[in-house]
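Residue numbers (our numbering): 21 to 569.
What follows is a set of notes on a single structure, which appears directly below.
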Amino acid sequence: MQAPAAPAPVAALPDPSAAIPDAAALPDASAVPAAAALPDAATAAPAAASATAASGGLVRVRTDVLDLRIDLRGGTLVGAELLAYPVAKDQPERKVRLFDADPARFSVAQSGLVATAGNAPSHEALFRTEDGRNDYQLADGQASLELPLLWTDPATGLTVRKTFVFDRGSYALRLREEIRNDGASAWRGYGYQQLQRVPPPAASRTSGLTNPEAYSFVGAAWYSPEDKFDKRKFADFAEDGPLNKDATGGWIALLQHHFLVAWVPSGAEPQRFSLATLGEGTPRYLVRSVGAPFEVAPGTATTREATLWVGPKLQEQLEAVAPGLKLTLDYGIFTFLAQPMFDYVLKPLHDLTGNWGWAIILTVLAIKLALYWLSAKQYRSFAKMRAIQPRIEALKERYGDDKQKFQMAMMELYKKEKVNPAAGCLPILVTIPVFIALYWMLLESVEMRQAPWIGWIQNLTAPDPYFILPAINLAVMYLTQKMTPTPGMDPMQKKMMTAMPLVFGVMMAFFPSGLVLYWCTNGILGLLQQWIITKRHGDKPGTTPAVAK
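Structure, rendered in structure tokens:
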């Protein structure tokens, strides 16, 4: 028996819309077994299990991180639960599900072959397991688990072994397709992988200030070495038209908040990526990768490989699976700041402390230390402005309603006393971008999803349930405002400045508690630093030297 031969690609790539079955019409609800109706391995009788498998039923595969359902009809993944990720903090028994055969939440991963000469198993073909089992589990101490599925065509002598490999601790499923031709004539065809799903349920797309899913991208994405990363919202599938993109290397994916599913074909095989909207009524969104045609000579075999990622957007693991896959994590316009801040500051501090809350506090401390000279300049400017406040009040009395002369005299006073009122804005120019970058990290980083801090804060990505942190933050903002000089402001402006802590304090009560923790810690450290620097300059906070008579 000869060793497997490498595919012999043909120059032209096939049309993605031709020959491949129409991603299967959305199964009728009565024909699709819901997850709840799947046979339990502990109670199902062997005879019943065999009958189910023979009719093209489901195979259950459990690893330490995934609970999967694979339909023997095409080897399609129709169920995937992430064991380490509950839907909600208070519902630990309900796990995030990325594949589902229920028509209301329909989402599947399919793969297959299309023959240009001979027969071939598409994702509609019936496979069987080699040992007749319908339940597989990664045992303790076992590094990996294999599930081989077989399809044969006695008339042509073609055998296809589709093997899924599941590794411990990994969300990357390796697919290996061996095509063996024991017939008398050459087999010609091509392979494909595709993902499809219906729109996400309306309940998960509700709007609101504190609902992160309202601001998260939901749609398809693809990557090629030539054109890099691109994506398209589901709502734009029809409007933007079909996609036909050729690439050698790359991947296709469907994205949602915190999680994704992605096919990564073999990097050596040319591919054509395409998008489509299928079905009437409830649309189904399809993203597909079609490989170059190849030939299997009589008496030989060839192997195709691909990787299917089914899991969270874990940055380190995504980078190891495929180039550009990490780009599915979107930190918005402040990615240039958020990504290195997460990689080189927040993540190492979390590794050190084991807690994202303490990592946020230490991040603020690190930023404060790095910008100490800038903040010191700000607070020294505040101290000088408080010292000249009586003279500014005297200028206001002297010039009355002549605001132009008052402004000129005040600027002359600033120049004479070497006071720079703009110095107080410089630290804010740094603090605000970091604040926004942290907001996007809390919004998008699955590593911080449902992460606890201490006591009553059991989810840093959700608002404080008892409003304790917002109350502390409001007090800190009020004290900061009281210690900030307001030279030259009229009574109305001063009232607005006084009201700002209340307005922003109430708003932040509905922000993620991790974000409030950052802002509160930043404010407390700022108050302490301001008090120390102001005291050194001989002007006690909150007091104003008397006006000379």
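Ideal placement from N, C-alpha and C gives every residue a C-beta, glycine not left out.
Just so we're clear, the structure is a prediction, and the values are computed from it rather than from any experiment.
Going by beta carbon distance, what residues of the same chain come within less than 8 Å of R304, once the five residues before and after it are set aside?
By one-based count along the sequence shown, residue 304 stands at place 284. Within the same chain, R304 has close Cβ partners A43, L46, F126, Q216, R217, V218, T297 and L298.
For a test of the three-state rule: what should DSSP assign to T183, helix, strand or coil?
Position 163 of the sequence shown, counted from the start, is the residue given in the question as residue 183. Three-state DSSP puts T183 in a strand.
Let me know the alpha helix (DSSP H) ranges lying completely inside the segment 398-436, each 4 residues or longer, listed in chain order.
409-419
Backbone CA spacing between I272 and W283 [nearest angstrom]:
Counting from 1 along the sequence shown, the entry for residue 272 is found at position 252. Counting from 1 along the sequence shown, the entry for residue 283 is found at position 263. Distance between the alpha carbons of I272 and W283 is about 5 Å.
From L58 to P490, what distance separates their C-alpha atoms?
Working through the sequence shown from its first residue, we reach residue 58 at position 38. Working through the sequence shown from its first residue, we reach residue 490 at position 470. Only weak support exists for where L58 lies, its pLDDT of 25 falling under 50; the value from the coordinates is given anyway. Going by C-alpha positions, L58 is about 46 Å away from P490.
Helix, strand or coil at K555 [DSSP, three-state]:
Here residue 555 corresponds to residue number 535 of the sequence shown, with the count starting at 1. It is helical.
Cutoff 8 Å; reference E166; Cβ partners in own chain excluding five residues on either side
Walking along the sequence shown from the start, residue 166 turns up at place 146. Cβ contact annotation for E166 (same chain, cutoff 8 Å, sequence separation greater than five): T183, F184, V185 and F186, in chain order.
According to DSSP, residues forming a beta bridge with P332:
Looking up residue 332 in the sequence shown gives position 312. P332 is bridged to F279.
Leaving out five residues before and five after P106 in sequence, what residues of the same chain have Cβ atoms less than 8 Å from its Cβ?
If you number the sequence shown from 1, residue 106 lands on position 86. P112, E113, R114, K115, V116 and Q470.
Quick check on the burial criterion: 16 or more other C-beta atoms within 10 angstroms. Buried or exposed for R556?
Within the sequence shown, numbered from 1, the residue matching residue 556 stands at position 536. Result: exposed.
8 Å contact criterion, which L275 and F237 should meet: CB distance rounded
Walking along the sequence shown from the start, residue 275 turns up at place 255. Walking along the sequence shown from the start, residue 237 turns up at place 217. Yes, they are in contact, since the Cβ atoms of L275 and F237 sit about 6 Å apart, within 8 Å.
Are the beta-carbon atoms of A163 and R188 separated by less than 7 Å?
As a working note, residue 163 is residue 143 in the sequence shown. As a working note, residue 188 is residue 168 in the sequence shown. The answer is yes: Cβ separation under 7 Å.
Where does K438 land, buried or exposed, given buried means 16+ other C-beta within 10 angstroms?
Against the sequence shown, residue 438 aligns to sequence position 418. Exposed, because fewer than 16 other Cβ atoms sit within 10 Å of the Cβ of K438.
For A206, I'd like the list of residues in its chain whose CB is within less than 6 Å of its CB, leaving aside the five on either flank, ordered along the chain.
Numbered from its first residue, the sequence shown carries residue 206 at position 186. Excluding sequence neighbours, A206 sits near E315 and A317.
Could you check the C-alpha separation between P313 and L169 for me, to the nearest Å?
Mapped onto the sequence shown, residue 313 falls at position 293. Mapped onto the sequence shown, residue 169 falls at position 149. So the alpha carbons of these two residues sit roughly 23 Å apart.
Take R400 as the anchor and find which of I552, S465, A104 and G209 has the nearest alpha-carbon.
On the sequence shown, position 380 is the one that residue 400 refers to. Considering only alpha carbons, the answer is I552.
Opening and closing residue of the beta strand (DSSP E) in which W242 lies
For the purposes of this step, residue 242 is taken as the residue at position 222 of the sequence shown. Note, W242: beta strand (DSSP E), G239 to S244.
Go to F384, then tell me how far its alpha helix (DSSP H) extends in each direction, as first and last residue.
Position 364 of the sequence shown holds residue 384. According to the sequence as given, residue 384 is Val; it is not Phe. Element bounds for V384: W376 to A390.
Identify which residue in V307, F279 and H277 has its Cα closest to the Cα of Q265.
Mapped onto the sequence shown, residue 265 falls at position 245. The question names Gln, yet the displayed sequence has Lys at residue 265. The option with the nearest alpha carbon to K265 is V307.
Other residues of its chain near T323: CB distance less than 8 Å, five sequence neighbours each side excluded:
Looking up residue 323 in the sequence shown gives position 303. Closer than 8 Å at Cβ, skipping near neighbours: P24, R196, E197, E198 and I199.
Is it true that the CB of V330 sits closer than 7 Å to the CB of A104?
Counting from one through the sequence shown, the residue named residue 104 turns up at place 84. Counting from one through the sequence shown, the residue named residue 330 turns up at place 310. In this structure, V330 does not lie closer than 7 Å to A104 by Cβ.
Relative to the alpha-carbon of G628, which residue among R93, G209, T302 and A457 has its alpha-carbon at the smallest distance?
Since the displayed the chain opens at 21 and closes at 569, residue 628 lies outside it and no answer follows.
First and last residue of the alpha helix (DSSP H) that includes I492?
Your numbering for residue 492 matches position 472 in the sequence shown. Here the alpha helix (DSSP H) through I492 covers I488 to M503.
Out of C540, N201, L92 and G77, state which residue places its alpha-carbon closest to the alpha-carbon of A321.
Within the sequence shown, numbered from 1, the residue matching residue 321 stands at position 301. Cα-wise, what sits closest to A321 is N201.
So what does DSSP say about I477, is it helix, strand or coil?
Indexing the sequence shown from 1 puts residue 477 at position 457. In this structure, I477 counts as coil in the three-state DSSP scheme.
Measure the alpha-carbon distance for P472 versus N375 and round it to whole angstroms.
Position 452 of the sequence shown, counted from the start, is the residue given in the question as residue 472. Position 355 of the sequence shown, counted from the start, is the residue given in the question as residue 375. The alpha-carbon atoms of P472 and N375 are separated by roughly 7 Å.
If I follow the unbroken beta strand (DSSP E) through A296, where does it start and stop?
Counting from one through the sequence shown, the residue named residue 296 turns up at place 276. P290 to L298 is the extent of the beta strand (DSSP E) around A296.
Would you kindly check if the distance between the Cβ of V180 and the Cβ of P141 is under 7 Å?
If you number the sequence shown from 1, residue 141 lands on position 121. If you number the sequence shown from 1, residue 180 lands on position 160. Yes, the Cβ-Cβ distance between P141 and V180 is below 7 Å.
Buried versus exposed call for K425 [16 or more other C-beta atoms within 10 Å across all chains shown]
Position 405 of the sequence shown, counted from the start, is the residue given in the question as residue 425. That one is exposed.
In chain order, what residues of the same chain have a beta carbon less than 8 Å from the beta carbon of P521, not counting five sequence neighbours either side?
Within the sequence shown, residue 521 is the residue found at index 501, counting from 1. The answer, listed in chain order, is L494, M497, Y498, T500 and Q501.
Can you give me the C-alpha to C-alpha distance between T570 and P221, rounded to a whole angstrom?
What is shown of the chain runs 21 to 569, which leaves residue 570 out entirely.
Between L178, Q213 and G209, which lies nearest to R194 when the distance is taken from Cα to Cα?
Residue numbering aside, residue 194 sits at position 174 when the sequence shown is read from its first letter. The shortest C-alpha to C-alpha distance from R194 to any of L178, Q213 and G209 is the one to Q213.
Alpha helix (DSSP H) segment containing E259, residue limits
What you label residue 259 is simply residue 239 of the sequence shown in a count that begins at 1. F257 to D260 is the span of the alpha helix (DSSP H), which, as asked, contains E259.
Closest by CA to T486, which one among M516, M503, A529 and V523?
Residue 486 sits at position 466 when you count from the first residue of the sequence shown. First, the amino acid is wrong: residue 486 is Tyr here, not Thr. Nearest of M516, M503, A529 and V523 to Y486, Cα basis: A529.
Measure the CB-CB distance between I380 and L537 and report whether it falls below 7 Å.
To locate residue 380, count along the sequence shown from 1; it is residue 360. To locate residue 537, count along the sequence shown from 1; it is residue 517. Contact: yes.
Indicate whether Y156 and V81 have their beta-carbon atoms separated by less than 7 Å.
Mapped onto the sequence shown, residue 156 falls at position 136. Mapped onto the sequence shown, residue 81 falls at position 61. It is a contact, given that the beta carbons lie within the stated cut-off.
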